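Trainee:
Protein chains: 2
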Amino acid sequence: MEKIAIVGSGLMGSAMAWPLTDNGYEVNLVGTHLDDDIIHSCKQNRFHPRLKRQLPNNVTPFYLSELDDALKDVAFIVSGVNSNGVRWIGETLAPKVDQNTKIIAITKGLEATEKGELIILPDVMRAQFPAQIQDNISIAAVGGPCIAGELAGRRQSCVYFGSRELETVNMFRAYFHTDYYHVWTTNDIRSLELAVALKNAYALGVGVAAGMLQVAGGADPAGAYMHNLAAAFFARGCKEIHNMLAAQKANPEFAYSLPGAGDLYVTSAGGRSVTLGRLMGTGLRYDQASSQLAGETLESALVIQQIGKALPALYEMGKLHKEDFPMMNFLVDLVVNNQNPNLDLDIFFNDVVV
Amino acid sequence: MEKIAIVGSGLMGSAMAWPLTDNGYEVNLVGTHLDDDIIHSCKQNRFHPRLKRQLPNNVTPFYLSELDDALKDVAFIVSGVNSNGVRWIGETLAPKVDQNTKIIAITKGLEATEKGELIILPDVMRAQFPAQIQDNISIAAVGGPCIAGELAGRRQSCVYFGSRELETVNMFRAYFHTDYYHVWTTNDIRSLELAVALKNAYALGVGVAAGMLQVAGGADPAGAYMHNLAAAFFARGCKEIHNMLAAQKANPEFAYSLPGAGDLYVTSAGGRSVTLGRLMGTGLRYDQASSQLAGETLESALVIQQIGKALPALYEMGKLHKEDFPMMNFLVDLVVNNQNPNLDLDIFFNDVVV
Numbered sequence: 001m002e003k004i005a006i007v008g009s010g011l012m013g014s015a016m017a018w019p020l021t022d023n024g025y026e027v028n029l030v031g032t033h034l035d036d037d038i039i040h041s042c043k044q045n046r047f048h049p050r051l052k053r054q055l056p057n058n059v060t061p062f063y064l065s066e067l068d069d070a071l072k073d074v075a076f077i078v079s080g081v082n083s084n085g086v087r088w089i090g091e092t093l094a095p096k097v098d099q100n101t102k103i104i105a106i107t108k109g110l111e112a113t114e115k116g117e118l119i120i121l122p123d124v125m126r127a128q129f130p131a132q133i134q135d136n137i138s139i140a141a142v143g144g145p146c147i148a149g150e151l152a153g154r155r156q157s158c159v160y161f162g163s164r165e166l167e168t169v170n171m172f173r174a175y176f177h178t179d180y181y182h183v184w185t186t187n188d189i190r191s192l193e194l195a196v197a198l199k200n201a202y203a204l205g206v207g208v209a210a211g212m213l214q215v216a217g218g219a220d221p222a223g224a225y226m227h228n229l230a231a232a233f234f235a236r237g238c239k240e241i242h243n244m245l246a247a248q249k250a251n252p253e254f255a256y257s258l259p260g261a262g263d264l265y266v267t268s269a270g271g272r273s274v275t276l277g278r279l280m281g282t283g284l285r286y287d288q289a290s291s292q293l294a295g296e297t298l299e300s301a302l303v304i305q306q307i308g309k310a311l312p313a314l315y316e317m318g319k320l321h322k323e324d325f326p327m328m329n330f331l332v333d334l335v336v337n338n339q340n341p342n343l344d345l346d347i348f349f350n351d352v353v354v
Numbered sequence: 001m002e003k004i005a006i007v008g009s010g011l012m013g014s015a016m017a018w019p020l021t022d023n024g025y026e027v028n029l030v031g032t033h034l035d036d037d038i039i040h041s042c043k044q045n046r047f048h049p050r051l052k053r054q055l056p057n058n059v060t061p062f063y064l065s066e067l068d069d070a071l072k073d074v075a076f077i078v079s080g081v082n083s084n085g086v087r088w089i090g091e092t093l094a095p096k097v098d099q100n101t102k103i104i105a106i107t108k109g110l111e112a113t114e115k116g117e118l119i120i121l122p123d124v125m126r127a128q129f130p131a132q133i134q135d136n137i138s139i140a141a142v143g144g145p146c147i148a149g150e151l152a153g154r155r156q157s158c159v160y161f162g163s164r165e166l167e168t169v170n171m172f173r174a175y176f177h178t179d180y181y182h183v184w185t186t187n188d189i190r191s192l193e194l195a196v197a198l199k200n201a202y203a204l205g206v207g208v209a210a211g212m213l214q215v216a217g218g219a220d221p222a223g224a225y226m227h228n229l230a231a232a233f234f235a236r237g238c239k240e241i242h243n244m245l246a247a248q249k250a251n252p253e254f255a256y257s258l259p260g261a262g263d264l265y266v267t268s269a270g271g272r273s274v275t276l277g278r279l280m281g282t283g284l285r286y287d288q289a290s291s292q293l294a295g296e297t298l299e300s301a302l303v304i305q306q307i308g309k310a311l312p313a314l315y316e317m318g319k320l321h322k323e324d325f326p327m328m329n330f331l332v333d334l335v336v337n338n339q340n341p342n343l344d345l346d347i348f349f350n351d352v353v354v
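Respectively, the protein sequence lines represent chains A and B.
Okay, so the first sequence: first residue is 1 according to the numbering used here, each after it adds one.
Okay, so the second sequence: first residue is 1 according to the numbering used here, each after it adds one.
1. Would the beta-carbon of residue 146(A) fall within 7 Å of that of residue 157(A)?
2. Pick from 234(A), 56(A), 351(A) and 87(A): whose alpha carbon is nearest that of residue 16(A)?
3. Taking Cβ-Cβ distances shorter than 9 Å, what residues in chain A pair up with residue 52(B)?
4. Along chain B, in chain order, which residues have C-beta atoms closer than 7 Å to that of residue 345(A)?
5. What beta strand (DSSP E) runs, 3 residues minimum, are completely inside the stretch 221 to 304 of chain B?
6. Kindly list, in the order they appear in chain B, the residues whose Cβ is closer than 7 Å to that of residue 239(A).
7. Quick check: what's the CA-CA separation for residue 79(B) versus residue 273(A)?
8. Taking C-alpha atoms, which residue in 239(A), 202(A) and 8(A) lies nearest to residue 332(A)?
9. Taking C-beta pairs closer than 7 Å, name the residues in chain A that residue 262(B) reaches, listed in chain order.
10. By DSSP, does residue 133(B) sit in helix, in strand, or in coil?
11. Would residue 257(B) be called buried (16 or more neighbouring beta carbons within 10 Å of its own) or exposed?
12. Is any beta-carbon of chain B found at less than 7 Å from that of residue 147(A)?
13. Can you list the residues of chain B that residue 269(A) reaches, using a CB-CB cut of under 9 Å?
14. Taking the alpha helix (DSSP H) that residue 216(A) belongs to, which residues open and close that run?
15. For the beta strand (DSSP E) containing residue 185(B), list its first residue and its last residue.
16. Are there three or more Cβ pairs, one per stretch, closer than 8 Å when the stretch 173 to 188 of chain B is compared with the stretch 148 to 163 of chain B?
17. Which residues in chain B sit within 9 Å of residue 242(A), going by Cβ to Cβ distance?
18. With residue 75(B) and residue 62(B) assumed to form a contact (beta carbons below 8 Å), what rounded beta-carbon distance in angstroms separates them?
19. Sort out for me which residues DSSP pairs residue 26(B) with in a bridge.
20. Please classify residue 33(B) as buried or exposed, where buried requires at least 16 other C-beta atoms within 10 Å of its C-beta.
21. According to DSSP, what are the bridge partners of residue 48(A)?
22. Identify the continuous alpha helix (DSSP H) that holds residue 150(A) and give its terminal residues.
23. Could you tell me whether any Cβ in chain B is nearer than 7 Å to the Cβ of residue 325(A)?
24. Within 10 Å of its beta-carbon, does residue 30(B) have 16 or more other beta-carbons around it, so buried, or fewer, so exposed?
25. Looking at the C-beta of residue 153(A), does it have a partner C-beta in chain B at a distance below 7 Å?
26. Out of 20(A), 306(A) and 84(A), which one is the CA nearest neighbour of residue 194(A)?
27. Name, going along the chain, the residues of the stretch 87 to 116 of chain A whose beta-carbon falls closer than 8 Å to a beta-carbon of chain B.
28. Can you give me the start and stop residues for the alpha helix (DSSP H) that residue 352(B) sits inside?
29. I'd like to know if the stretch 83 to 103 of chain A and the stretch 273 to 282 of chain A are in contact, where contact means that at least 3 CB-CB pairs between them fall below 8 Å.
30. Relative to the C-alpha of residue 275(A), which residue among 52(A), 205(A), 41(A) and 316(A) is closest?
31. Could you work out which residue in 155(B), 45(B), 300(B) and 346(B) is closest to residue 335(B) when comparing CA atoms only?
32. Please classify residue 122(A): is it buried, with 16 or more other beta-carbons within 10 angstroms of its beta-carbon, or exposed?
33. So with CB distances below 8 Å, who are the chain A contacts of residue 349(B)?
34. If you draw a straight line from the alpha carbon of residue 112(B) to that of residue 114(A), how long is it in whole angstroms?
35. Would a C-beta distance cut-off of 7 Å place residue 19(B) and residue 172(B) closer than the cut-off?
36. Span of the alpha helix (DSSP H) holding residue 175(B)?
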């Protein structure tokens, strides 16, 4: 029976064990240094405290200190860390990988530079590996609307796997695809990763409507909420993901399929991105809002911070046009500039084709 | 003070009175033959029973029998009927319009023929007018995510107005645009209308996930819902609106902006389309599900029925490719063929670009 290692035993990393074990594989689930409590529970009573589920039979939990054992003879590695852990997992695995190593990453996010570069996280991870094997290691990534708890509950889920090599990604698909986990493949990993990173940013934006509703005292006596505003934010998010992909010479199709619109839909249904947006929608500045969520990884804020780093150069060079990103500019003002900017909806859809 | 007539005093038609009166215009609100109760209440105590709100001061309610008075000296007419009423309003207005008449319609839907034609409703209405003035009458339409009760509650809302003549639609914008009702204009009314009609169909599809969840007994003990499935349906809806627009040589951009993704988002948040989908998701056939909603106008089912009429010819002629519309095929099986088809998610995203 082939073995697979999952490194990072948070929600999504761990959930990937379900389709793998259902397909007959053994899974070594390795906690990071932040996951000792999870692994302790898994070892004690096979209960995953964050997923609130018993582990499948063929999953073996490992502490990080047991990483070498866990990696022995595995067919591939699932990187289950969040975006803060991408460099760490690269550095940690670097001494243990060879040119035949295959990795699939669930992390969503991106890194940016002040020169205007947007770097997808699989490339950040790859850069941690020894130079002579960097180009040989196969790295794939997962994108699309998939709440981990639903995957572990074997609820129907549809996702894309991406990798620069189609052969790699089709290989991964064969391991993971089940009758509840539906996987499509693309060799356009950059477009996929940009789309799924950006949707976290825009989900925060959708959450702002909920905060504004709260300030307005909730539904009015006739029952009016602020769904129209949330939908305008949602639509603008899809449009700006499209604008960004097009400007980056990536495939804009990902904006209106599983990775963009689909993933934004599920992310807007709840979670930390929406909560953070809601808090700022009530009028809190980012420093105030984020302090209420201290200890949580705020992927949405992280991606806005990264984009905010690159935007001035991208605008300056004419690689992006500022008027194509009114909502991202608003989000950057919120999160990076720690402002509570005026929301000028009148400029939001000025790029409509007449 | 300029006067405007709104014909059709349902939710959306009536709600259009709010931005108009806030902009200083007088509004004559005319009920159809189905709206006598509404108009009676409006005349008695100025309370709109469906919107659950007092009418603004400058709105005057009229019974249909008072239509001639209501149309006297108006700057333009708002058609506030639903898709079942489009021919009726055309026929009703036909003897009363001249070549200078300007109409803006809030109706969402489309008509189709077995020859594969998809006809937008403003064109259906136009065809009811006398031949010699048909081409001169200016008709515009509204599209985008806008729950009527929120518009009447002066909640922030963003929409498109479309008309073949940009001058007409910019004229309408000037009447309606307020600091809460944000209007963008396009001369591509066909793309706009196709997108907003299709989103009703796909909102029904998103509702199917809720029905499947119900059958599964709701959230499982670990708290897993079926958001992933709903998001996959949502994403597929956006993709198929895009595919349809592209195949119809319309502007695919409307699929991932206010009319497609945005309007699908707000429609998926609740209402009859979602309810009908949910009922069928529990395993009811269309005849069973729709009988539970007897008396309601089911715009989503109407549009699926129309598309279902055109699809065979469109596929036959090669104007559409069947594999580009797995979800619409599923919806047609549900609603037109009265089946409870197997949901084959594995074919849903086969048109991904690799």
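Note that the Cβ used here is the ideal one computed from N, Cα and C, for glycine as well.
Fair warning: this is a prediction, and the values are worked out from it, not measured in the lab.
Mentor: With the given structure in hand:
1. Here residue 146(A) refers to the residue found at position 146 when the first sequence is read from its first residue. Here residue 157(A) refers to the residue found at position 157 when the first sequence is read from its first residue. Cβ distance < 7 Å, so residue 146(A) and residue 157(A) count as in contact.
2. In the first sequence, counting from the first residue as 1, residue 16(A) sits at position 16. Taking only the C-alpha atoms, the option nearest residue 16(A) is 56(A).
3. In the second sequence, the residue the question calls residue 52(B) occupies position 52. Neighbours of residue 52(B) on chain A, chain order: 221, 222 and 223.
4. Along the first sequence, read from residue 1 onward, the residue named residue 345(A) stands at position 345. What residue 345(A) touches in chain B: 156, 158 and 182.
5. none
6. In the first sequence, the residue the question calls residue 239(A) occupies position 239. Chain B residues near residue 239(A): 256 and 257.
7. What you label residue 79(B) is simply residue 79 of the second sequence in a count that begins at 1. What you label residue 273(A) is simply residue 273 of the first sequence in a count that begins at 1. The alpha-carbon atoms of residue 79(B) and residue 273(A) are separated by roughly 40 Å.
8. Looking up residue 332(A) in the first sequence gives position 332. Residue 202(A) is the option with its Cα nearest to residue 332(A).
9. Position 262 of the second sequence holds residue 262(B). For residue 262(B), the C-beta contacts it makes with chain A under 7 Å involve 231, 232, 234 and 235, in order along the chain.
10. Numbered from its first residue, the second sequence carries residue 133(B) at position 133. The answer is helix: DSSP assigns residue 133(B) an H, G or I state.
11. Within the second sequence, numbered from 1, the residue matching residue 257(B) stands at position 257. Buried.
12. Against the first sequence, residue 147(A) aligns to sequence position 147. Yes - at least one Cβ of chain B is within 7 Å of the one on residue 147(A).
13. Within the first sequence, numbered from 1, the residue matching residue 269(A) stands at position 269. Per Cβ cutoff of 9 Å: 225, 227, 230 and 231.
14. Numbered from its first residue, the first sequence carries residue 216(A) at position 216. It is not in any alpha helix (DSSP H) - residue 216(A) carries neither H nor E in the DSSP assignment.
15. If you number the second sequence from 1, residue 185(B) lands on position 185. It spans 181 to 186 - the beta strand (DSSP E) in which residue 185(B) sits, taken as one unbroken run.
16. Because the criterion of three Cβ pairs below 8 Å is met, the stretch 173 to 188 of chain B and the stretch 148 to 163 of chain B touch.
17. The residue labelled residue 242(A) in the question sits at position 242 within the first sequence. Going along chain B in sequence order, the residues near residue 242(A) (Cβ under 9 Å) are 253, 256 and 257.
18. Numbered from its first residue, the second sequence carries residue 75(B) at position 75. Numbered from its first residue, the second sequence carries residue 62(B) at position 62. Rounded, the Cβ-Cβ distance is 16 Å, inconsistent with contact.
19. The count along the second sequence starts at 1 and reaches residue 26(B) at position 26. Bridge partners of residue 26(B): 3(B).
20. For the purposes of this step, residue 33(B) is identified with residue 33 of the second sequence, where counting begins at 1. That one is exposed.
21. As a working mapping, residue 48(A) is identified with position 48 in the first sequence. DSSP lists 53(A) as partners of residue 48(A).
22. Within the first sequence, numbered from 1, the residue matching residue 150(A) stands at position 150. Here the alpha helix (DSSP H) through residue 150(A) covers 148 to 152.
23. Taking the first residue of the first sequence as 1, we reach residue 325(A) at position 325. Residue 325(A) does not count as touching chain B.
24. Here residue 30(B) corresponds to residue number 30 of the second sequence, with the count starting at 1. Counting Cβ neighbours within 10 Å, residue 30(B) comes out buried, since at least 16 surround it.
25. Working through the first sequence from its first residue, we reach residue 153(A) at position 153. Chain B, which has a Cβ nearer than 7 Å to the Cβ of residue 153(A), makes this yes.
26. Indexing the first sequence from 1 puts residue 194(A) at position 194. Of the candidates 20(A), 306(A) and 84(A), the one whose C-alpha sits nearest the C-alpha of residue 194(A) is 306(A).
27. none
28. In the second sequence, counting from the first residue as 1, residue 352(B) sits at position 352. Residue 352(B) -> no alpha helix (DSSP H), and no H or E assigned at all.
29. no
30. Position 275 of the first sequence, counted from the first residue, corresponds to residue 275(A). Ranking 52(A), 205(A), 41(A) and 316(A) by Cα distance to residue 275(A) puts 205(A) first.
31. In the second sequence, residue 335(B) corresponds to position 335, counting from 1. That would be 300(B), whose Cα lies nearest to the Cα of residue 335(B).
32. For the purposes of this step, residue 122(A) is identified with residue 122 of the first sequence, where counting begins at 1. By the neighbour-count rule (16 or more Cβ atoms within 10 Å), residue 122(A) is buried.
33. Counted from its first residue, the second sequence places residue 349(B) at position 349. Neighbours of residue 349(B) on chain A, chain order: 158, 160, 182, 184, 257 and 258.
34. Numbered from its first residue, the second sequence carries residue 112(B) at position 112. Numbered from its first residue, the first sequence carries residue 114(A) at position 114. Each residue's Cα considered, the two are about 53 Å apart.
35. Residue numbering aside, residue 19(B) sits at position 19 when the second sequence is read from its first letter. Residue numbering aside, residue 172(B) sits at position 172 when the second sequence is read from its first letter. Cβ distance not < 7 Å, so residue 19(B) and residue 172(B) don't count as in contact.
36. Here the question's residue 175(B) lines up with position 175 in the second sequence. Here the alpha helix (DSSP H) through residue 175(B) covers 166 to 176.
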